[in-house]
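Counting in my numbering, the sequence shown runs from 267 upward without gaps. Just so it is clear, CB atoms sit at the ideal spot from N, CA and C, and this is done for glycine as well.
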Amino acid sequence: MVLFMPRKFIKRWLPDADTLRKTPGLKHLGTVLDDPHLFHLSRRSVAVAFLVGLFFCYIPTPGQAFLAAFGALLLRGNLPIAVALVWVSNPFTLPFFVLTAYGAGAVVLGGGAIELPAAITWQWIKTIWQPFLLGSVIMGLIAGLAGFFAVNIIWRISVARRWVRRRERAK
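(1) Rounded to the nearest angstrom, how far is the Cβ of Leu317 from that of Phe414, given a contact under 8 Å?
(2) Taking 8 Å as the cut-off, does the region 334-347 touch the region 372-381 (at least 3 CB pairs, one atom from each stretch)?
(3) From Ser424 to Arg431, what distance separates their C-alpha atoms?
(4) Counting C-beta neighbours from all protein chains within 10 Å, is the total for Gln330 16 or more, i.e. buried, or is it exposed?
(5) Hey, Ala259 and Gly401: beta-carbon distance below 7 Å or not?
(6) Are the beta-carbon atoms belonging to Trp323 and Val354 less than 7 Å from one another?
(7) Report the rounded CA-to-CA distance for Trp388 versus Ala370, giving the unit in angstroms.
(8) DSSP three-state label for Leu307, please.
(9) Run through DSSP, which three-state label would Ala385 get?
(10) In terms of residue numbering, what span does the alpha helix (DSSP H) encompassing Gly369 cover?
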C-alpha cells in the first residue's frame, strides 16, 4: 500500500488568498488572509485544519463554516481544508452525528437511552438537549483530535516512505 500526500492535486482545487480577497463578502478581512499558514499544505497546517474542521462539524449551530474559519485563523491552520471538513456533517450523516453526540453526553451525565417519540415535540427536545450538547463537544474533541493525530501519522509515514524510495533509487 502506497501512502502519499496529494499536495499538487489538493493545491489545484483550493482557493488562494488573492481569490478569497476578491470575494465580495471577504474584502473587509484585508491583511488577515496574508498569513502563509492559512493556505500552505504543511503537516502542521493540515493537521490543525482537521482538528478545527472535525471539531466544528459536531457542534450543532448555524454558521459552522464561519466558526471553523475563525478557528483556523486563530490556530493558524489551513483555512480552506478546515471549512471544507465542516461539510462532513450534512443531511445524510446528521443522524449518525446526533446519535453519537447524544450517546456520549448521556454516558457522561449518567442518563439512559431515550425512546424516539412518534412526533418530535419541544418537551422531548427539552429532555435531550443537555446530553446532546455535552456529547457534541465531547465527540467534536474526539473527532478533531483523531483527525489531528491521523494526519500527523499518515504524513510522517508518507515522508519516511519517500525517503526510503529516494535512497533505493540513489543506489
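Taking the coordinates as given:
(1) Taking the sequence shown and counting its residues from 1, one reaches residue 317 at position 51. Taking the sequence shown and counting its residues from 1, one reaches residue 414 at position 148. Confirmed, about 4 Å.
(2) no
(3) Taking the first residue of the sequence shown as 1, we reach residue 424 at position 158. Taking the first residue of the sequence shown as 1, we reach residue 431 at position 165. Looking at the two C-alpha atoms, the distance is approximately 11 Å.
(4) Within the sequence shown, numbered from 1, the residue matching residue 330 stands at position 64. Buried: at least 16 other Cβ atoms inside 10 Å.
(5) Only positions 267 to 437 of the chain appear in the structure, and residue 259 is not among them; the question remains open.
(6) Reading the sequence shown from its first residue, position 57 is the one you call residue 323. Reading the sequence shown from its first residue, position 88 is the one you call residue 354. A small fix is needed here, since residue 323 is Cys in this sequence, not Trp. Cβ distance < 7 Å, so Cys323 and Val354 count as in contact.
(7) Position 122 of the sequence shown, counted from the start, is the residue given in the question as residue 388. Position 104 of the sequence shown, counted from the start, is the residue given in the question as residue 370. Cα-Cα distance, rounded: 22 Å.
(8) If you number the sequence shown from 1, residue 307 lands on position 41. Looking at Leu307 - three-state DSSP - the assignment turns out to be coil, as it is neither helix nor strand.
(9) Here the question's residue 385 lines up with position 119 in the sequence shown. Ala385 falls in the coil class under three-state DSSP.
(10) Along the sequence shown, read from residue 1 onward, the residue named residue 369 stands at position 103. Residue range 360-375 is occupied by the alpha helix (DSSP H) that includes Gly369.
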